[in-house]
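A.B. asks: My questions will all concern the structure given below.
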Amino acid sequence: RGTKGYGLLGGVQTPTVIKSAEISPNSTFEGIFHITDWFSTIAEFAGYSVPPEEDSINQYEALKEPIY
219 RGTKGYGLLG GVQTPTVIKS AEISPNSTFE GIFHITDWFS TIAEFAGYSV
269 PPEEDSINQY EALKEPIY
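Dropping the structure here:
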């Protein structure tokens, strides 16, 4: 899908494995998930609310509803 430096690639893609009772086994998420999004996503699990000025998006719902 292009090369490094291509506008939509973002430079580096890294596979990630997530295990949770609420996430379907063998599912795949094809969306964009930046490393800074882990901050808001994990904070939500811990019961904290992240201020809207933080550069982080809670991706929990996207992970629960995977694209096959």
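Residue numbers (this note's numbering): 219 to 286.
For each residue, glycine too, the CB sits at the ideal point set by N, CA and C.
Assign Asp-273 to one of three DSSP states: helix, strand, or coil.
C.D. replies: It is coil, neither helix nor strand.
A.B. asks: How would you write the range of the alpha helix (DSSP H) that Ile-260 sits in, first residue to last?
C.D. replies: Per DSSP, Ile-260 belongs to the alpha helix (DSSP H) from 255 to 264.
A.B. asks: Let me know if Ser-258 comes out buried or exposed under the rule of 16 or more other beta-carbons within 10 Å of its beta-carbon.
C.D. replies: Ser-258 should be labelled buried.
A.B. asks: How about Lys-282 and Glu-240: do their beta carbons lie closer than 7 Å?
C.D. replies: Yes, these two residues count as a Cβ contact at 7 Å.
A.B. asks: Compute the Euclidean distance between the alpha carbons of Ala-280 and His-252, then round it to the nearest angstrom.
C.D. replies: Looking at the two C-alpha atoms, the distance is approximately 13 Å.
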